[in-house]
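Quick note on UniProt numbering: the sequence shown kicks off at 1 and runs consecutively.
Worksheet: one structure, shown below.
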Amino acid sequence: KMQKCRLVVLGDGGVGKTALTMQLCLQHFVATYDPTIEDTIQKQVLIDGRLFSLEVLDTSGQYTMFLDQWITEGEGFILVYSISNRLSFKRIQEFYDKIRVKKAPAMPPVMLVGNKSDRVAERDVSAQEGETLAKTLGCHFVEASAKNNLNVEEAFFDIVRQLRSQQQLRIQQQLRRQQQLRRQQQLRRQQQLRRQQQLRRQQQLSYGARSAGRGNSPADTMGHNPVSYYRTGKDKEEHHCLECVIL
1 KMQKCRLVVL GDGGVGKTAL TMQLCLQHFV ATYDPTIEDT IQKQVLIDGR LFSLEVLDTS
61 GQYTMFLDQW ITEGEGFILV YSISNRLSFK RIQEFYDKIR VKKAPAMPPV MLVGNKSDRV
121 AERDVSAQEG ETLAKTLGCH FVEASAKNNL NVEEAFFDIV RQLRSQQQLR IQQQLRRQQQ
181 LRRQQQLRRQ QQLRRQQQLR RQQQLSYGAR SAGRGNSPAD TMGHNPVSYY RTGKDKEEHH
241 CLECVIL
């Protein structure tokens, strides 16, 4: 079954979010900057021999009033800054904090992307700074170039792999919970069976004690009704005399 992944691309305006998305989905580089409000592109990709359906939400860096909605809809997030724009790098923490708060208590997969790595002469953020920030945030990191189609697939595919791993982990956890539930049910049935067996043994012991008590009585020993039992020899003689009179 094809797994669907909803990815959201976040970052400051002008960092190349649309260029990365278009390069991934259409193998086309958008050189002209045209501010995006919101755009969704779908694409099927083959990753590690499995087919995935990607829904990539390209967002605006200016219209942040929709940020909460974008984060709510997303399963995995690509946080993009430009290596030639330090301000866009500083804003990454803001986007990350929004995701962390909105998605609490679980943290979804996040990929940090330093875009425009082709602009070597204009570099304002070092690769080491990007790696350090990624370690601080606990996410993966890569520098990419939408223009040269460098590490574009790697950035998106890494998120898909993380989502796949999370899904497998959830399935394993669900199976473990089901196994624990079955073991608990079996244990309860065994305990119930033991209680029933103990109750039957107690009933048998109680019945045996009552039977033993009745068997030790004089009436039960003689096999007669208590009224016809003669306690003394005199009683027996009187009884014989009575029989003679009747005859």
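Note that the Cβ used here is the ideal one computed from N, Cα and C, for glycine as well.
Predicted, not measured: the structure shown is a model, and the values here were computed from it.
ask   = Alpha carbon to alpha carbon, how far is Pro226 from Arg195?
value = Confidence is the limiting factor: at Pro226 the pLDDT is only 48, short of 50, which leaves the residue's position unreliable and the question unanswerable from this model.
task = Starting from the C-beta of Phe156, find all residues in its chain whose C-beta is less than 6 Å away, skip the five residues before and the five after it, and write them out in chain order.
result = Apart from sequence neighbours up to five positions away, the residues of its chain that approach Phe156 with a beta-carbon distance below 6 Å are Leu24, ordered along the chain.
task = Out of Tyr207, Glu129, Val120 and Asp118, point me to the one whose CA is closest to Leu112's CA.
result = Glu129
request  = Taking the CB atoms as reference points, tell me whether Gln62 and Gly13 lie closer together than 8 Å.
outcome  = yes
task = Helix, strand or coil for Gly114, going by three-state DSSP, please let me know.
result = Looking at Gly114 - three-state DSSP - the assignment turns out to be strand.
inquiry  = Looking only at its chain, what residues have a beta carbon closer than 6 Å to the beta carbon of Asp158, apart from the 5 residues adjacent to it on each side?
reply    = Met111 and His140
query = Where does Val30 fall in DSSP's three states?
reply = coil
task = Would you tell me roughly how many angstroms separate the C-alpha atoms of Glu122 and Gln166, rounded to the nearest one?
result = Distance from the CA atom of Glu122 to the CA atom of Gln166, rounded to whole angstroms, is 38 Å.
ask   = So is Ser84 in contact with chain B if we call contact Cβ pairs under 8 Å?
value = The question asks about chain B, but that chain is absent: this structure has only one protein chain.
request  = Please state if the CB of Ser53 and the CB of Met2 are separated by a distance shorter than 8 Å.
outcome  = yes
key: Simplified DSSP state of Ser88, which is helix, strand or coil   = helix
ask   = So residue 254 is in the alpha helix (DSSP H); what residue range does that whole segment cover?
value = In the structure as shown, the chain starts at 1 and stops at 247, and residue 254 therefore has no counterpart that could be examined.
request  = Locate the alpha helix (DSSP H) running through Ile37, then write down its first and last residues.
outcome  = Element bounds for Ile37: n/a, residue is neither H nor E.
request  = Could you check if Met65 is buried or exposed, using at least 16 other CB atoms within 10 Å of its CB as the buried criterion?
outcome  = exposed
inquiry  = Rounded to whole angstroms, what is the Cα-Cα separation between Gly138 and Gln197?
reply    = 56 Å
task = Measure the CB-CB distance between Ile71 and Ile47 and report whether it falls below 8 Å.
result = No, the Cβ-Cβ distance between Ile71 and Ile47 is not below 8 Å.
key: Residues near Gln162 in its chain [Cβ-Cβ closer than 7 Å; skip 5 each side]   = When the five nearest sequence neighbours on each side are left out, the beta carbons in the same chain lying within less than 7 Å of the beta carbon of Gln162 are those of Gly76 and Pro109, in order along the chain.
request  = With a 10 Å radius around its C-beta and 16 neighbouring C-beta atoms as the bar for buried, classify Thr32 as buried or exposed.
outcome  = Classification of Thr32: exposed, given that the 10 Å Cβ count is below 16.
query = What are the start and end residues of each continuous beta strand (DSSP E) run of 3 or more residues lying completely inside the stretch 47-83, in chain order?
reply = 50-59 and 76-82
inquiry  = With the cut-off set at 8 Å, would you say Thr59 and Glu73 are in Cβ contact?
reply    = For the pair Thr59 and Glu73, the CB atoms are not nearer than the 8 Å cut-off.
ask   = Looking only at its own chain, which residues have a Cβ that is under 7 Å from the Cβ of Glu154, when we skip the five neighbours before and after it?
value = Excluding its 5 nearest sequence neighbours in each direction, Glu154 has C-beta neighbours in its own chain below 7 Å: Val142, listed in chain order.
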